[in-house]
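This report refers to the structure that appears directly beneath it.
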Amino acid sequence: MDFFKNKENVDKYIEMVKDYDGTWLINKIDDYLEKECSLLELGMGPGTDLQILSRKYKVVGSDNSSIFIEKFNKKNTGIEAIYIDAKEMNTDRKFDCIYSNKVLHHLKKSEFIESIKNQNKNLNQDGIIFMTLWRGEYRDEIMFDGEVRFTYYLESDIKEIVEKDYNILCLETYNECDKNDSLLVVLRKK
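Under the UniProt record's numbering, the residue at position 167 of the sequence shown is numbered 167, and the numbers go up by one with no gaps.
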């Protein structure tokens, strides 16, 4: 799945999401995280959320697409953006929060589970994961000419995956495109 490793695809994606405003979602983090805490964004894409997050937190952006990182770094010199594979979490750094907005659904279920386990080692004590996912009966769909994976989860799936390593602070549905089509998940490291 190399969709975002192609400059033309990245440019199309940036155009598609240019009017997206995740401020309402980002403001929910305030319920769980104090200002100036350290935060890693997984799958920053064009960096829209990262820029908003940087107003309150000490942020580092990441993506597994060097194209997104290069484009972001050309326009934003004050915010660090690095390559991280969300499945492997190939960094030794630790954060108070790991944030991902509709990113981890691009992983196979086994990779999602691996990512959640690996994120644990990158969280400070009492650190949180703040993520959104597409909600639905578990299924794994490949779209965009076989280039992009979409995996759907129900609340029960998330509980089963995270219960060993995390306390669930929030597991609620919200509407993004359709009624109750999305999940907001906030987890605290045990």
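Glycine included, C-beta positions come from ideal geometry on N, C-alpha and C. The structure displayed is predicted, hence computed values, not measured ones.
Practice item. Just list the alpha helix (DSSP H) runs in the UniProt domain "Methyltransferase" (40-127), keeping only unbroken ones of 4 residues or longer that don't cross its boundaries, in chain order. Key: Within the UniProt domain "Methyltransferase" (40-127), the alpha helix (DSSP H) runs of at least 4 residues that lie entirely inside it are, in chain order, 48-53, 66-75 and 109-121.
Point to revise | Host beta strand (DSSP E) of K189 (start-end) | key: Position 189 of the sequence shown, counting from 1, holds the residue named residue 189. From DSSP, the beta strand (DSSP E) with K189 extends over S182 to K189.
Check your understanding: Measuring CA to CA, which of E111, K109, K108 and M131 is closest to S100?
Key -> Numbered from its first residue, the sequence shown carries residue 100 at position 100. Considering only alpha carbons, the answer is M131.
Review point. Rounded to the nearest angstrom, how far is the Cβ of R93 from that of N122, given a contact under 8 Å?
Key: Along the sequence shown, one-based indexing puts residue 93 at 93. Along the sequence shown, one-based indexing puts residue 122 at 122. Rounded, the Cβ-Cβ distance is 7 Å, consistent with contact.
Check your understanding: Thinking C-alpha only, which one of E155, F3 and C37 is nearest F95?
Key -> Walking along the sequence shown from the start, residue 95 turns up at place 95. Nearest to F95 by C-alpha distance, out of E155, F3 and C37, is C37.
Exercise for review: Please classify E172: does DSSP put it in a helix, a strand, or coil?
Suggested key: By 1-based counting over the sequence shown, the position of residue 172 is 172. Strand.
Review point. Looking only at C-alpha atoms, which of I52, T151 and Y57 sits nearest to C97?
Key: The sequence position of residue 97 within the sequence shown is 97, counting from 1. Per the Cα distances, Y57.
Practice item. Within the same chain, show all residues whose beta-carbon is closer than 6 Å to that of K35, passing over the 5 residues directly before and after it, in chain order. Key: If you number the sequence shown from 1, residue 35 lands on position 35. Cβ contact annotation for K35 (same chain, cutoff 6 Å, sequence separation greater than five): K56, in chain order.
Check your understanding: Given that a residue counts as buried once 16 or more other Cβ atoms are within 10 Å of its Cβ, and exposed if not, what is T48?
Key -> Counted from its first residue, the sequence shown places residue 48 at position 48. T48 sits buried, since 16 or more C-beta atoms from the chains shown fall within 10 Å of its C-beta.
Point to revise | Environment of N175 [buried if 16+ CB atoms lie within 10 Å] | key: Position 175 of the sequence shown, counting from 1, holds the residue named residue 175. N175 should be labelled exposed.
Point to revise | N6 - DSSP class collapsed to helix/strand/coil | key: Here residue 6 refers to the residue found at position 6 of the sequence shown. Residue state, collapsed to three classes: coil.
Review point. What do you get for S66, buried or exposed, if any count of 16 or more other CB atoms within 10 angstroms of its CB means buried?
Key: Here the question's residue 66 lines up with position 66 in the sequence shown. The residue is exposed, with fewer than 16 neighbouring Cβ atoms inside 10 Å.
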